[in-house]
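In our numbering, the protein residues as written are 33 to 444.
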């Protein structure tokens with residue numbers, strides 16, 4: 033057993049099993065405290081909520097509570113291990129919500145026989161929470177699940193594997209293109225992978241100015257093109273009218289490569305075919321589509337990002353999802369819409385271009401960080417992220433009409 037594996041197991045097991053717990057927010061030391069907390073005092077807020085459901089935000093923790101819900105069909109890097117095996121990941125997500133955005137969170141793992149059963153289960157418990165973070169649900173079911181829950185729930189529903197990945201990717205990509213002297217609208221894009229994250233990344237890049245007809249998406253069978261008859265509805269959105277069939281075909285002259293597929297799938301020979309000053313996001317975890325050492329030895333003119341923390345430019349969902357929910361819940365948004373996602377992209381981009389606090393340098397174990405090829409997106413420990421992204425998301429919710437409170441919180 034490796035040292036790291038044992039450390040990871042010990043971290044989760046000792047001194048108390050798991051990573052989250054419930055703590056009281058009110059005193060419960062006296063008979064009077066208990067009379068207020070439960071019977072008979074609890075009857076008063078019950079009556080208020082029965083009269084006005086919005087009173088739940090005043091008298092309960094609903095407005096600061098996110099449910100992290102999974103069926104365990106696409107556990108990060110591990111595949112379909114089932115609901116219970118996903119619990120450590122969901123507890124980890126709850127830990128991140130609390131650590132980075134001060135949001136209370138509880139994990140819920142759902143067993144079900146059909147997609148409809150899962151949707152009904154989540155919809156039936158949704159009113160308990162201020163927001164729902166869907167996690168580690170495989171494609172294509174995840175698309176139907178999220179879309180149906182958005183229709184049925186009156187609170188934000190957000191599949192982080194899709195949209196969190198997309199937001200961080202878009203922010204880093206736009207900054208990388210700026211450094212490389214390129215425009216997103218002119219860029220030829222190759223996307224290796226056609227699952228939930230890939231589709232969401234490409235759709236958000238389109239909302240940020242990319243041209244759909246200049247995107248070439250590949251799955252296990254090669255280029256997704258209009259003459260294939262085996263495409264799901266979400267793959268059909270990216271079916272290109274092209275005679276190109278292989279990775280090498282589409283990489284010729286490409287400006288951008290985005291990998292959300294598997295390890296070592298981008299050979300150096302294909303990287304050599306890209307246009308001058310390319311951008312490569314090799315985000316397969318834990319092993320990228322091409323190792324940074326290999327990529328940089330092949331192309332010294334590229335900007336490289338991965339999903340790993342031990343290389344520069346980590347594409348990490350924790351850079352956005354806690355703060356998006358913070359902003360959405362603070363104005364009681366009914367949804368997280370495209371306007372809020374783009375606002376998060378722009379806020380995340382802007383933080384990268386500002387002087388980096390000393391605390392971030394120390395936490396990152398580096399002497400300096402300056403906007404450039406090795407620093408296109410902020411570090412996860414940056415204390416500016418919460419206020420900047422939450423404020424931008426809250427304002428976008430108000431401006432786009434999905435906020436039920438139109439008073440901006442006082443973000444510090």
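Note that beta-carbon positions come from the ideal geometry of N, C-alpha and C, so glycine has one too.
Review point. What do you get for residue 325, buried or exposed, if any count of 16 or more other CB atoms within 10 angstroms of its CB means buried?
Key: Residue mapping note: residue 325 aligns to position 293 of the chain shown, counting from 1. Classification for residue 325: exposed.
Exercise for review: Pair every Cβ in the stretch 423 to 439 with every Cβ in the stretch 351 to 367, then say whether three or more of these pairs are closer than 8 Å.
Suggested key: yes
Check your understanding: Is it true that the stretch 180 to 191 meets the stretch 328 to 340, where meeting means three or more beta-carbon pairs spaced less than 8 Å apart?
Key -> no
Review point. If you run the structure through DSSP and keep just helix, strand and coil, what is residue 144?
Key: Residue mapping note: residue 144 aligns to position 112 of the chain shown, counting from 1. Residue state, collapsed to three classes: coil.
Check your understanding: Can you tell me the Cα-Cα spacing of residue 420 and residue 261, whole angstroms?
Key -> Within the chain shown, the letter at position 388 stands for residue 420. Within the chain shown, the letter at position 229 stands for residue 261. Whole-angstrom Cα-Cα distance: 45 Å.
Exercise for review: Go through its chain and collect everything with a Cβ distance to residue 435's Cβ below 6 Å, but skip five positions before and after it.
Suggested key: The residue given as residue 435 occupies position 403 in the chain shown. The answer, listed in chain order, is 363, 365, 429.
Practice item. Please report how far the alpha carbon of residue 448 lies from the alpha carbon of residue 126, in whole angstroms. Key: Past the edges of the chain, shown from 33 to 444, lies residue 448, and the structure says nothing about it.
Check your understanding: Which ranges would you report for the alpha helix (DSSP H) in the stretch 196 to 274 if only whole runs of at least 4 residues count?
Key -> 228 to 239, 265 to 268
Check your understanding: What residue from 273, 316, 286 has the CA that sits closest to residue 216's CA?
Key -> Taking the first residue of the chain shown as position 1, residue 216 is located at position 184. Per the Cα distances, 286.
Check your understanding: Is DSSP giving residue 338 helix, strand or coil here?
Key -> For the purposes of this step, residue 338 is identified with residue 306 of the chain shown, where counting begins at 1. Residue 338 falls in the strand class under three-state DSSP.
Review point. So what does DSSP say about residue 319, is it helix, strand or coil?
Key: By one-based count along the chain shown, residue 319 stands at place 287. The answer is coil: DSSP assigns residue 319 none of H, G, I, E or B.
Exercise for review: Could you tell me if residue 62 is buried or exposed, where buried requires 16 or more neighbouring beta carbons within 10 angstroms of its beta carbon?
Suggested key: Here residue 62 corresponds to residue number 30 of the chain shown, with the count starting at 1. The residue in question, residue 62, is exposed, as its Cβ has fewer than 16 Cβ neighbours within 10 Å.
**Study point:** CB contact flag (residue 321, residue 298, <8 Å)
**Key:** As a first step, residue 321 is located in the chain shown; it is residue number 289 there, counting from the start. As a first step, residue 298 is located in the chain shown; it is residue number 266 there, counting from the start. Yes, these two residues count as a Cβ contact at 8 Å.
Exercise for review: With a threshold of 16 other CB atoms inside 10 Å of the CB of residue 264, please say whether the residue is buried or exposed.
Suggested key: In the chain shown, the residue the question calls residue 264 occupies position 232. Answer is exposed; the Cβ neighbour count stays below 16.
Check your understanding: Taking the C-alpha atoms as reference points, what is the distance between residue 208 and residue 225?
Key -> As a working mapping, residue 208 is identified with position 176 in the chain shown. As a working mapping, residue 225 is identified with position 193 in the chain shown. Approximately 21 Å, taken between the alpha carbons.
**Study point:** Beta-carbon contacts of residue 388 that lie in its chain and below 7 Å, excluding the five residues immediately before and after
**Key:** Position 356 of the chain shown holds residue 388. Closer than 7 Å at Cβ, skipping near neighbours: 401.
Check your understanding: With distances taken between CB atoms, is the gap from residue 228 to residue 185 smaller than 8 Å?
Key -> Here residue 228 refers to the residue found at position 196 of the chain shown. Here residue 185 refers to the residue found at position 153 of the chain shown. Not a contact, by the Cβ cut-off of 8 Å.
Practice item. State the Cα-Cα distance for the pair residue 445 and residue 273, rounded to the nearest angstrom. Key: Nothing about residue 445 can be read from this structure; the chain reaches only from 33 to 444.
Point to revise | First and last residue of the uninterrupted alpha helix (DSSP H) at residue 384 | key: Position 352 of the chain shown holds residue 384. 370 to 384 is the extent of the alpha helix (DSSP H) around residue 384.
Check your understanding: Using DSSP with H/G/I as helix, E/B as strand and the rest coil, what is residue 166?
Key -> As a working note, residue 166 is residue 134 in the chain shown. Reduced to three states, the DSSP call for residue 166 is strand.
Exercise for review: Check whether the stretch 161 to 169 touches the stretch 103 to 119, counting contact only when three or more Cβ pairs, one atom from each stretch, lie closer than 8 Å.
Suggested key: yes
Practice item. Leaving out five residues on either side along the sequence, give the residues of the same chain with a beta carbon under 6 Å from the beta carbon of residue 414. Key: Stepping through the chain shown from its first residue, residue 414 is reached at position 382. Correct list, in chain order: 392.
Check your understanding: When the Cα atoms are used, what is the spatial distance from residue 281 to residue 249?
Key -> As a first step, residue 281 is located in the chain shown; it is residue number 249 there, counting from the start. As a first step, residue 249 is located in the chain shown; it is residue number 217 there, counting from the start. Their backbone Cα atoms lie some 12 Å apart in a straight line.
Practice item. Could you spell out the range, first to last residue, of the alpha helix (DSSP H) harbouring residue 359? Key: For the purposes of this step, residue 359 is taken as residue 327 along the chain shown, with counting starting at 1. Element bounds for residue 359: 353 to 362.
Check your understanding: Buried or exposed: which applies to residue 407, given that a residue is buried once 16 or more other Cβ atoms fall within 10 Å of its Cβ?
Key -> Taking the first residue of the chain shown as 1, we reach residue 407 at position 375. The residue in question, residue 407, is buried, as its Cβ has 16 or more Cβ neighbours within 10 Å.
Exercise for review: Jot down the residue ranges of each uninterrupted beta strand (DSSP E) in the stretch 37 to 91, minimum 3 residues, whole runs only, in chain order.
Suggested key: none
**Study point:** Limits of the beta strand (DSSP E) - the one that residue 102 falls within
**Key:** As a first step, residue 102 is located in the chain shown; it is residue number 70 there, counting from the start. 97 to 102 is the span of the beta strand (DSSP E), which, as asked, contains residue 102.
Review point. For residue 347 versus residue 403, is the C-beta distance shorter than 8 Å?
Key: Counting from one through the chain shown, the residue named residue 347 turns up at place 315. Counting from one through the chain shown, the residue named residue 403 turns up at place 371. No, they are not a contact pair.
Check your understanding: Since residue 314 is in the beta strand (DSSP E), which residue starts that stretch and which ends it?
Key -> As a working mapping, residue 314 is identified with position 282 in the chain shown. Taken as a continuous stretch (DSSP letters only), the beta strand (DSSP E) holding residue 314 covers 311 to 314.
Practice item. Sort out for me which residues DSSP pairs residue 107 with in a bridge. Key: Within the chain shown, numbered from 1, the residue matching residue 107 stands at position 75. Partner(s): 111.
**Study point:** Boundaries of the alpha helix (DSSP H) in which residue 132 is found, first to last residue
**Key:** Residue mapping note: residue 132 aligns to position 100 of the chain shown, counting from 1. Taken as a continuous stretch (DSSP letters only), the alpha helix (DSSP H) holding residue 132 covers 119 to 133.
Point to revise | For residue 339 and residue 291, the rounded distance between their alpha carbons | key: Numbered from 1 along the chain shown, position 259 holds the residue referred to as residue 291. Numbered from 1 along the chain shown, position 307 holds the residue referred to as residue 339. If I take the Cα positions, the gap works out to 10 Å.
Review point. How would you label residue 373, buried or exposed, when you count the other beta carbons within 10 angstroms and need 16 or more for buried?
Key: Working through the chain shown from its first residue, we reach residue 373 at position 341. Buried, by the Cβ-count rule.
Practice item. Reducing DSSP to helix, strand and coil, say where residue 137 ends up. Key: Within the chain shown, residue 137 is the residue found at index 105, counting from 1. Of the three classes helix, strand and coil, the one that applies to residue 137 here is strand, per DSSP.
Practice item. Please classify residue 150: does DSSP put it in a helix, a strand, or coil? Key: Taking the chain shown and counting its residues from 1, one reaches residue 150 at position 118. Of the three classes helix, strand and coil, the one that applies to residue 150 here is helix, per DSSP.
Exercise for review: Can you give me the Cβ contacts of residue 141 inside the same chain, cut-off strictly under 7 Å, excluding the 5 residues immediately before and after it?
Suggested key: Counting from one through the chain shown, the residue named residue 141 turns up at place 109. The answer, listed in chain order, is 102, 104, 115, 116, 118, 119, 122.
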